[in-house]
Each structure stands twice: as C-alpha cells, then as structure tokens.
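For this note's numbering, add 607 to where a residue sits in the sequence shown, where the first one is 1.
The structure appears below as structure tokens.
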Amino acid sequence: IIKLQTENLHAELAAKNRELSNSAMSLVYKNELLNNLSNDILKLRDEHGNKLAEEQVRKIQKVISDGLNDERDWDLFEHSFNEAHESFFRKLKANHPTLVPNDLKLCAYLRMNMSSKEIASLLNITLRGVEIRRYRLRKKLEVSHDKNLSEFLMEL
608 IIKLQTENLH AELAAKNREL SNSAMSLVYK NELLNNLSND ILKLRDEHGN KLAEEQVRKI
668 QKVISDGLND ERDWDLFEHS FNEAHESFFR KLKANHPTLV PNDLKLCAYL RMNMSSKEIA
728 SLLNITLRGV EIRRYRLRKK LEVSHDKNLS EFLMEL
C-alpha cells in the first residue's frame, strides 16, 4: 500500500513538473513574441519616420511593455511551482532571509534547470543581466564556485 502511494505521489509530482515546464515555456514564448513585436515596431518607426503617428507607436509600446512586465504571469507560475515543490520557498526564505522577490524568481527558474536565455526572456533582461544576478545570488546563498547553483537549489 505504501509503495503504491509513493508511486502515485511520484506520478503526481512528475505531472505537476510537466505542467510547470509547459507554463514556463509558454511565458518564454510570449515574452519573446512581445520583444520581437516591439523591435519590429521600432524598425517601422525608424524606416517610415513621421508617417507613423508617434502617439500610436507609444500606445502600442506601452501595451507591449505592460505585457512583458505583467506580475500575473509570475503569480500563476509561483502558484504552480508551489504545488510541485511545496516547501522550496519556505526553506529558502528561512535559510536566507535577505533574499528579495527577484532572487526568489531566479531561484525558482534555476531550480527548474532553465537556461540563461530562457530566464532572460522571463525576467525581461539581457543574458548579461542574468549572469550578474546569478553571481549575486551565489554570494547571498554562500554557494562556493565549485558547486553548481542549480544543483544546490535542487537539493533544498
């Protein structure tokens, strides 16, 4: 009976992890799409000069920016992540109370073994920005340079 319950729990966890990965990849795709759209609009404005109404371009850019910085995406992701990894944030906050919300986001993405490119898209920052945040996070968590940061977070 216990073995069956354990198998069921493992299957449920695997399903939640798949759901979480799909959710994260959808967010990456959405952010990349919005960034590409924003770049295309800027190119159009540069190519056509004053033919495009500046106010219209600004409104479109604002809609795109709002979509990229929407906290609802994180709230949904965090809820799914907590279902799959119940005590992760609690342990992390208890052991490292100086972590800020952006650190916790990065920890969650690293825990899922996401690439720096995927993380950059989700956080709407550059690859260099991700590298800097990883470096600072490593210092806050006091993880030695010979230890993989993602592995450290997976062990929590």
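Don't be surprised by glycine CBs; every beta carbon is placed ideally from N, CA and C.
Between the Cα of Leu641 and those of Leu616, Lys669, Leu627 and Glu661, spot the shortest distance and give me the residue it belongs to. Locating residue 641 in the sequence shown gives position 34, where the first residue counts as 1. When each option's Cα is compared against that of Leu641, the closest is Lys669.
Using a Cβ distance threshold of 8 Å, determine whether the stretch 621 to 639 contacts the stretch 680 to 693, with at least three qualifying pairs required. yes
In this structure, how does DSSP classify Ala660 when only helix, strand and coil are distinguished? Sequence index remark: in the sequence shown, residue 660 carries index 53 (1-based). Ala660: coil per DSSP, three-state reduction.
Report yes if the C-beta distance between Leu713 and Leu763 is below 8 Å; otherwise report no. Taking the first residue of the sequence shown as 1, we reach residue 713 at position 106. Taking the first residue of the sequence shown as 1, we reach residue 763 at position 156. No.
Return the chain-ordered list of same chain residues with a C-beta closer than 6 Å to the C-beta of Leu734, the five sequence neighbours on each side being excluded. On the sequence shown, residue 734 is found 127 positions in, with the first residue counted as 1. Cβ within range, chain order: Ser723 and Ala727.
For the pair the stretch 736 to 745 and the stretch 637 to 655, tell me if three or more CB-CB distances fall below 8 Å. no
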